[in-house]
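Each remark here refers to the structure printed beneath this line.
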Amino acid sequence: MNKSPWIFLGVLFALSLSWWGMVFGPASQANAAKTDLGDGTSLHPRSGLAQQGEQIYRENGCYYCHTRMATGGTFGYEIQITQLGADKALTREIIGEEYAGNKIFEKAYAFQAVAAAQDAATTEGADVEATKATLEQAKAYANAIETEEPLIALGISGVTIEGDLAGELGLPIEMSDADKSTVADATFAVSKGIEQWDEIKDRVRALKDRAGAQFKLLPVADDWPDVVYWGARRQSVTRDFLHDVHAMPGVMRVGPDLSNVGGRQLDLNALYAKIYNSQAGGKSSHMPPYKYLFNVRSAKEGEELPTNAVTVSTGDGFKHSVEPDFVVTPTYKARALAAYLQSLRNDRGLPEAPLPAVRKTRNPEEDE
Amino acid sequence: MEEKHSNLNLQEHGEPAAGNSQMPVSIMVVLTLLGYIGCYKVDELNANFAANVHAPFGSPAEVASLAPSEAELIFGKGKQIYANCQGCHQPNGGGTPGQIPPLVDSSWVKGDPKLAAAIVLNGLQGAIVVNGTSYNGAMTAVGAAWSDEEIAAVLTYIRQSWGNGEELVTAEQVTEARTMIKDSGHQGTWNKDSLDAAGFATPE
Amino acid sequence: MSEEGTHNAPPAPEASPEEINASCRGPVLFLFFSAALWAVQATGVGLLGSLKMHVPGFLADFSHLTYGRLQANSWVAFLYGFAGNAGLGLTLWMLSRLRGMPLARPGFVLAGAFLWNAGATAAMVGITMGDQPGVAGYELPAYASRLLLIGQAFIAFSAIITYFSRRHQQLYPSSWFLIAGLVAFPWIVGTAHWLLVETPVRGAAQIPVAHWAVTSLQQIWLGCMGLAAILYFIPKITGRELYSRQWAAFGFWMLLILGGWVNLNSGSPLPVWSIKLSQYASGLFIFVLIAIGWNLRQTAKGVPLLGSNDLTLQCMGFALGAWLITALFIFGNAYSDWNSLLQFTYAGTAVRQFFAWGFFAMAMFGAVYYVAPRLFIGEVDWACSGTYKWIFRLTAIGAVVILLAGLGLSYLHGHALQAGSAEVLKKALMPMRIAFLGEILFFMSSLIFLGSMACLLFRNCCGEYSPMALIRKCRAAKAEGGAE
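Chains as they are written, first to last, in the numbering used here: chain Y, 39 to 406; chain X, 30 to 233; chain C, 8 to 491.
Structure, rendered in structure tokens:
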């Protein structure tokens, strides 16, 4: 048997396996990714200037020393209930005594019952007996707790109790605007914020399907270095690169990660100063200066710095030119690069990657 | 061959050949087992090959639980669309006293959403009374070109904002409103009487 | 040769080794000499770039010489300049030898070699002007990859005609690897060219494509050519039979299947499934490691490869060791804690450099040492064969320094990144600064390689009128005169 041609076919086949898995599969998934976020907003392409900045970033090979991908870390889940289920006993069973023993749980039900009672009482032609039952229920819940302070219920906001009904129930008549917003923002956590998905998934499913409660899952970052230390707000995901002409996630972190550089409130002048000479003002950095992205001319005697001059403050409260005795202004390329950097941000949650809360900020020095 | 200046041995062996030693069965079994364990791990951790599951999350169910609920999404979408309305009705839904009726706590907004849907679809003019105050303005048919989903979203936003605590509006309800308009044969901008005539009960 | 192996013995070649060598002379020497030039270019430019890790302001005012551009240039010069030229030259020679046929259509090879080098040059110029597509590890502008693909097609045409010019039953394993290398290159570069540069896919889709291309170029393209050389020269020089065809086949197919999957970092902004699948492939890479390692260990049993008198065998021994260590690192990447510790550090680049120089370049140096002198008729010699040993020594030390710096010190950098340490910059720079020593050694060994190639050509290509021959004649005349 002559095997010569078979080697070719075999090689093609073997190569095609990883091609399908690493090129075709992910690429077609990414191609199918939607820009729409489902809530009427969508991910937009960069502005024209920032897109040209992407080109400057690429041409100069900035991606050799900077990554722009934040990674995931360890975290726990906080389950924040925004609206309790109708069945109090069932909900109590699902969330457990630890949380149902909380006073806010009772209040929430009381308020919910009051709202239902109010609806029942104001509906025309309502069943009198049923209305009465609802009122009794509300009264029972309300009596079970102290009523001096305004009821803070969850997810039910702005319900005004009509005079008679309120009097009968012994409830405050009006909620102040402050109370209303407290009510609207109030959440009722039924987990410690350290639980893993596997620990809570049954509870979450039961709350949703059996109790009919509404809730939010909030990841709470624990050992998540990029979020806790390095300025990212969440991990980078595929959709962060949707509108890149050339995706440059980077390879090495000689310099800092840039996935959220635009979200860190960096002021434009500071960004220019950093690019012009990152050691200016005595800062510790190892980034080469990119002075060729700026126009530099010598300052005239006693000249005031123009408004677009790149400056540093040296602690005496005055702004000095980043290059003493010279006036440094950004060129078009520097402005484009800065616009690109400012467009790099991951401080907006996506449906597949919500912003985690940070449990506590740790001082890196202490870990040393 | 002449080799007097050479310190290289140019004598060479023939072209190499490959022997016939077989791979031991035991090693093949071990390797297959390793491969199988790996397969099992991948099967467990592949998150159903979903495109939207990124580390540190591990499964589509988890990501689905993290995403905003349907109601939140509709509300958010409505908020975006409300940008078309806030020029007159104001961002706080308060309207302009004497000219534009408020949406806050309005009996036109509460109750059956088909009435509001009909107004958004065709506009409204003439005298009406909202919360005891008379208005005599004109609203254009802002939603004529919007989809049922978009109208449902913006009505949901209005009905659930600024203290309004109504149920959300579904696209089906808007479709029903469209059917009612079609059945009534009415065309153009509504007034209070034509709304009543078409079966959209207006509040007094 | 063992008795039962007799039916595996290759049939008598139709052409004598001398005939085959002669047919390869022009094209293969051209490729080898270009490779030597590019090696100096790659290491020199790399050194300039790495100097910025010590002195950030060095050459900072030249927009064409940023660290990113120099790094890209260095890798392109290595990959397409040095590795492509040397690897393709060796492919042609080995395929002819293994087929026992003279190289077919050497004219095509010369044309292809010119185009290929034009492509590599275009890439360098393009990167300097800012045309790199933004992927570390695949830096080819569109025009450069077109030239490279056409050039490679010309060369592959000649190789494939040679391959099919004669049929016999058993193919020596090296020829599988060589054929795979020839097929893989256009596939990989074609895909990357098409999906990343020519008609770029959406940004999000570029990340897996780029990773696949970069990994495949190293593991499959370089891997196949380098392993072909190792599998050929170790049995050939020791005069033994390769231990097992079956092991070789297993290693070969696993390498082709897994080579493009491996090494995806656990922090990549890609869906969980592609990362898990890549980790699985990295884990399975242990199969390739075992297959290749065991096969060659059994083949060279009892022969101290590194301690051998034969320089080629020493080079192949080191190259094999380097390949195995790289494969072990890939296997380690299957463990995500280990990977997430090292993913943003110098470790990945260090292993890439170790693979490039310790494995691939070393295999090529050894092969060229063996092949180049044989391409001449008559007076064959490395003009200064003592110095050639330094290529081996310097490259070996350099590769080890880079690997140790990369793995040892990057570990500290990884820890600093995970702990949010304020000293992260210092720890990031440390391994790169030490690796600089390795790069200096690579540069020196490349210079010696170029010098040796130049000497060889000068001595031999112009016969008795070559400068070296003239010098020797003068000396001889002087010595005679002095004796008298």
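Using N, Cα and C, we set each Cβ at its ideal position, and we do this for glycine too.
Worksheet item: In three-state DSSP terms, what is A47 (chain X)?
Response: Judged by DSSP in its simplified three-state form, A47 (chain X) adopts strand.
Fill in: Per-residue DSSP class, three states only, for D240 (chain Y)
Residue state, collapsed to three classes: helix.
Worksheet item: Which residue comes first and which comes last in the alpha helix (DSSP H) that contains Y376 (chain C)?
Response: For Y376 (chain C), the uninterrupted alpha helix (DSSP H) run begins and ends at 369-381, by DSSP.
Practice prompt. With a threshold of 16 other CB atoms inside 10 Å of the CB of K126 (chain Y), please say whether the residue is buried or exposed.
Written response: Per the 10 Å Cβ criterion, buried.
Worksheet entry | 8 Å Cβ cutoff, E341 (chain Y) in contact with chain X | Closer than 8 Å: no.
Practice prompt. Using a cut-off of 7 Å between C-beta atoms, extract the partners of F257 (chain C) located in chain X.
Written response: By Cβ distance, chain X contributes M52.
Worksheet item: For V283 (chain Y), which residues of its own chain have a beta-carbon under 7 Å away from its beta-carbon, when the five flanking residues on both sides are left out?
Response: Non-local beta-carbon contacts of V283 (chain Y) in its own chain, meaning distances under 7 Å to residues more than five positions away in sequence, involve Q89, E92 in chain order.
Practice prompt. State the beta-bridge partners of S80 (chain Y) as determined by DSSP.
Written response: Beta-bridge pairing by DSSP links S80 (chain Y) to Y:D74.
Worksheet item: Is the shortest distance between the beta-carbon of G300 (chain Y) and the beta-carbons of chain C less than 8 Å?
Response: For G300 (chain Y), the closest Cβ of chain C is not nearer than 8 Å.
Discussion item. If contact is defined by three or more beta carbon pairs under 8 Å, each pair taking one atom from either stretch, is the segment 259-271 of chain C in contact with the segment 300-317 of chain C?
Written reply: The segment 300-317 of chain C vs the segment 259-271 of chain C: no contact.
Discussion item. Any heavy atom of the ligand SAM closer than 7 Å to the beta-carbon of E341 (chain Y)?
Written reply: You won't find the ligand SAM in this model; it holds no ligand whatsoever.
Item to complete: Take P113 (chain C) and list the residues in its own chain whose beta-carbon comes closer than 8 Å to its own, dropping the five residues that flank it on each side.
Response: The residues are S30, C31, G33, P34, S165.
Worksheet item: CA-CA distance, Y377 (chain C) and G458 (chain C)?
Response: Y377 (chain C) and G458 (chain C) have their C-alpha atoms spaced approximately 16 Å apart.
Discussion item. Can you tell me where the alpha helix (DSSP H) holding V132 (chain C) begins and where it ends?
Written reply: For V132 (chain C), the enclosing alpha helix (DSSP H) begins and ends at 113-136.
Item to complete: Give me the Cβ distance between E526 (chain C) and A149 (chain C), rounded to the nearest whole Å; I'm assuming they're in contact under 8 Å.
Response: Nothing can be reported for residue 526 (chain C): it is not among the residues displayed for chain C, which extend from 8 to 491.
Discussion item. Does T129 (chain Y) come out as helix, strand or coil in the three-state DSSP assignment?
Written reply: Note: T129 (chain Y) maps to helix in three-state DSSP.
Item to complete: Quick one: which residues of the segment 45-74 of chain X get their C-beta closer than 8 Å to a C-beta of chain C? List them in chain order.
Response: Cβ contacts with chain C come from P45, A46, A47, G48, N49, S50, Q51, M52, I56, L60, L63, G64, G67, C68, K70, V71, L74.
Discussion item. Using the three-state DSSP reduction, which class does G205 (chain Y) fall into: helix, strand or coil?
Written reply: Reliability of the predicted coordinates at G205 (chain Y) is poor, the pLDDT of 49 falling under 50, and the value obtained from them is presented with this limitation in mind. DSSP places G205 (chain Y) in helix when its eight states are reduced to three.
Worksheet item: Roughly how many whole angstroms lie between the Cα atoms of H104 (chain Y) and G64 (chain C)?
Response: For H104 (chain Y) and G64 (chain C), the distance between alpha carbons rounds to 18 Å.
Worksheet item: For the beta strand (DSSP E) that E116 (chain Y) lies in, which residues bound it at each end?
Response: Its beta strand (DSSP E) spans residues 113-121.
Worksheet item: Can you name the residues of chain Y whose CB is closer than 7 Å to the CB of T402 (chain C)?
Response: Residues of chain Y whose Cβ lies closer than 7 Å to the Cβ of T402 (chain C) do not exist, since the nearest Cβ in that chain is about 24 Å away.
Worksheet item: So is P287 (chain Y) in contact with chain X if we call contact Cβ pairs under 8 Å?
Response: Chain X, which has no Cβ nearer than 8 Å to the Cβ of P287 (chain Y), makes this no.
Discussion item. Between G48 (chain Y) and chain X, is any beta-carbon pair separated by less than 8 Å?
Written reply: With 8 Å as the cut-off, G48 (chain Y) does not count as an interface residue toward chain X.
Worksheet item: Does DSSP put A308 (chain Y) in a helix, a strand or coil?
Response: The answer is helix: DSSP assigns A308 (chain Y) an H, G or I state.
Fill in: Test item: CB-CB of F450 (chain C) and L229 (chain C) under 8 Å
Taking the C-beta atoms as reference points, L229 (chain C) is found no nearer than 8 Å to F450 (chain C).
Worksheet item: Got a sec: is the Cβ-Cβ distance from E91 (chain X) to anything in chain Y below 8 Å?
Response: Yes, because at least one Cβ of chain Y sits closer than 8 Å to the Cβ of E91 (chain X).
Worksheet item: From S54 (chain Y) to G421 (chain C), what distance separates their C-alpha atoms?
Response: Rounded to whole angstroms, S54 (chain Y) to G421 (chain C) spans 35 Å at the Cα level.
Worksheet entry | alpha helix (DSSP H) runs contained entirely in the segment 231-285 of chain C, provided each spans 4 or more residues | Correct list: 252-265.
Item to complete: Buried or exposed for R482 (chain C), please, with buried defined as at least 16 other CB atoms from any protein chain shown within 10 angstroms of its CB.
Response: The Cβ neighbour count for R482 (chain C), taken over all protein chains shown within 10 Å, is under 16; the residue is labelled exposed.
Item to complete: Ignoring anything shorter than 4 residues or poking outside the segment 282-343 of chain Y, list the alpha helix (DSSP H) runs there in chain order.
Response: Segments of the alpha helix (DSSP H) lying fully in the segment 282-343 of chain Y: 306-314.
Item to complete: Using only alpha-carbon positions, find the residue among X:G194, X:I66, X:E179, X:G172 that is nearest to L102 (chain X).
Response: Nearest Cα to L102 (chain X) within the set X:G194, X:I66, X:E179, X:G172: X:E179.
Worksheet item: Terminal residues of the continuous beta strand (DSSP E) containing T319 (chain C)?
Response: First-last for T319 (chain C): 318-339, but that is the alpha helix (DSSP H), not the beta strand (DSSP E).
Discussion item. Using a 10 Å radius around the Cβ and a threshold of 16 neighbouring Cβ atoms, would you call G96 (chain C) buried or exposed?
Written reply: Buried.
Worksheet entry | E361 (chain Y), buried or exposed, once every other Cβ within 10 Å from all chains shown has been counted against 16 | Within 10 angstroms of the beta-carbon of E361 (chain Y) lie 16 or more other beta-carbons, which makes it buried.
Worksheet item: At a CB-CB cut-off below 9 Å, which residues of chain Y make contact with T198 (chain C)?
Response: In chain order, W57, V61 make up the part of chain Y whose C-beta sits under 9 Å from the C-beta of T198 (chain C).
Worksheet item: Taking only runs of the beta strand (DSSP E) that begin and end inside the segment 245-279 of chain Y, which ones reach a length of at least 3 residues, in chain order?
Response: Segments of the beta strand (DSSP E) lying fully in the segment 245-279 of chain Y: 252-259.
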